[in-house]
Amino acid sequence: MARKKIAAGNWKMNTNIDDGIALAVAVADAARSKDTVTILAVPFTHLYPLQKKIKSSSKVLLAAQNCHHKASGAFTGEISAPMLAAMKVPYVILGHSERREYNHEDNALLSLKLRAALDAGLKVIFCCGEGLDIRKANAHVAHVKKQLTESLFQLTIAEMKNIVIAYEPIWAIGTGETASPAQAQEMHAAIRSMLQKKYGKRIAENTSILYGGSVKGNNAKELFSQADVDGGLVGGSSLNATEFVQIINAF
Ligand code: 13P
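The sequence shown begins at -16 in our numbering and counts up by one.
Structure below.
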């Protein structure tokens, strides 16, 4: 089984519902006929209306951008994994660097969130990546290894089949500075080798590893042509249908 090619758009806290529906419908119309998988990680408020607007298909899927680590309870303002699963939202993003930074999510908490998501039957796009200081100190591979070891690698082989990994160097997010294709490939190959050591060849070969950080219509092709880059997790460029479709077409 070849691993999936995935273009995932992370809309973050952008678009109101009307703009969001127009954007999602335009992207879904273009993406449905492709051999690749398109995932739209939209604000919580958009999930239910989009579930109704976009005909469900294995090619175009929705994702939440976060979930709580408990299934229910007195956690004002939070959304649980079972709530997402009950709405048939297939994916959730966990471990994004913005949540690690602004919401103080550490590897231990992310481990609990992974457990909650998988127990509810969700698939997870799990993010990792280093800041600029760590990159400059040439400690990026060790940093990502620690992030994965302390959270993701608590899962079983069977559970790993529901995981997509996204490598997002923080210094490339929203900065316009993209990792070079060689830098992306170096890290993706390192992650795949970590997967092989921990889980064996089958999981290593079948886990999609996405690159995120200033992916654009004009650089996606080169990034996606790297041997271990299976697609992208795209922020800013996923908010423009024409540009995001260009990225989907870059495979
Ligand atoms: P940008 O594509 O805007 O750099 O964002 C990347 C990202 O954080 C996706 O999750």
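For glycine and all other residues, C-beta sits at the position ideal for the given N, C-alpha and C.
Return the first residue and the last residue of the alpha helix (DSSP H) that T225 is part of. Stepping through the sequence shown from its first residue, residue 225 is reached at position 242. Per DSSP, the continuous alpha helix (DSSP H) segment holding T225 begins and ends at A224 to I231.
By C-beta, the residues closer than 6 Å to any heavy atom of ligand 1, given in chain order: That query returns the following residues: N(-7), H79, E151, I156, G157, G195, G196, S197, V198, L216, V217, G218, G219 and S220.
By how many angstroms is the C-alpha of V124 removed from the C-alpha of I62? Position 79 of the sequence shown, counted from the first residue, corresponds to residue 62. Position 141 of the sequence shown, counted from the first residue, corresponds to residue 124. Whole-angstrom Cα-Cα distance: 32 Å.
Can you look up K106 in the DSSP assignment and give me helix, strand or coil? Here residue 106 is taken as the residue at index 123 of the sequence shown, counted from 1. If DSSP states are grouped into helix, strand and coil, K106 belongs with the strands.
Would you mind working out which of K(-12), A(-15) and G(-8) sits nearest F227, comparing C-alpha positions? Numbered from 1 along the sequence shown, position 244 holds the residue referred to as residue 227. The option with the nearest alpha carbon to F227 is G(-8).
Taking a contact to mean a Cβ-Cβ separation below 8 Å, would you say A316 touches L77 in this structure? In the structure displayed, the chain extends from -16 to 234; residue 316 sits before or after that span and is not available.
Between which residues of its own chain and H51 is the CB-CB distance below 8 Å, once the five residues before and five after are set aside? Within the sequence shown, numbered from 1, the residue matching residue 51 stands at position 68. If we look at H51 and ignore the five residues flanking it on each side, its Cβ neighbours are F58, E61, I62, S63, A64, K96 and A99.
With the cut-off set at 8 Å, would you say H29 and I(-11) are in Cβ contact? For this step, residue 29 is matched to residue 46 along the sequence shown. For this step, residue -11 is matched to residue 6 along the sequence shown. Not a contact, by the Cβ cut-off of 8 Å.
Which residue from G3, Y194, K119 and K36 puts its Cα closest to that of A167? Locating residue 167 in the sequence shown gives position 184, where the first residue counts as 1. The alpha carbon of A167 has as its nearest neighbour, out of G3, Y194, K119 and K36, the alpha carbon of Y194.
Cα-Cα separation, D89 to G219: Locating residue 89 in the sequence shown gives position 106, where the first residue counts as 1. Locating residue 219 in the sequence shown gives position 236, where the first residue counts as 1. Their backbone Cα atoms lie some 25 Å apart in a straight line.
Here's the rule I'm using: 16 or more other beta-carbon atoms within 10 Å means buried, otherwise exposed. How should N49 be labelled? One-based indexing of the sequence shown puts residue 49 at position 66. With 16 or more other Cβ atoms within 10 Å, it is buried.
Residue nearest to T161 in terms of C-alpha spacing, selected from L45, N202 and K181: In the sequence shown, residue 161 corresponds to position 178, counting from 1. Among L45, N202 and K181, the Cα nearest to that of T161 belongs to N202.
Determine whether the beta carbon atoms of I231 and T19 lie at a separation below 8 Å. The count along the sequence shown starts at 1 and reaches residue 231 at position 248. The count along the sequence shown starts at 1 and reaches residue 19 at position 36. The Cβ atoms of I231 and T19 sit closer than 8 Å to each other.
Alpha carbons only, please: which of S40, S55 and A103 is nearest the one belonging to A69? Here residue 69 refers to the residue found at position 86 of the sequence shown. Closest in C-alpha terms to A69, from the list S40, S55 and A103, comes A103.
Where K38 and D12 are concerned, what is the direct C-alpha to C-alpha distance, given to the nearest angstrom? Counting from 1 along the sequence shown, the entry for residue 38 is found at position 55. Counting from 1 along the sequence shown, the entry for residue 12 is found at position 29. For K38 and D12, the distance between alpha carbons rounds to 10 Å.
Please determine, among V25, A9 and S191, the residue with the shortest C-alpha to C-alpha distance to M(-4). Your numbering for residue -4 matches position 13 in the sequence shown. Among V25, A9 and S191, the Cα nearest to that of M(-4) is on V25.
On the three-state DSSP scale, how would you describe I148? On the sequence shown, position 165 is the one that residue 148 refers to. Correct three-state label for I148: strand.
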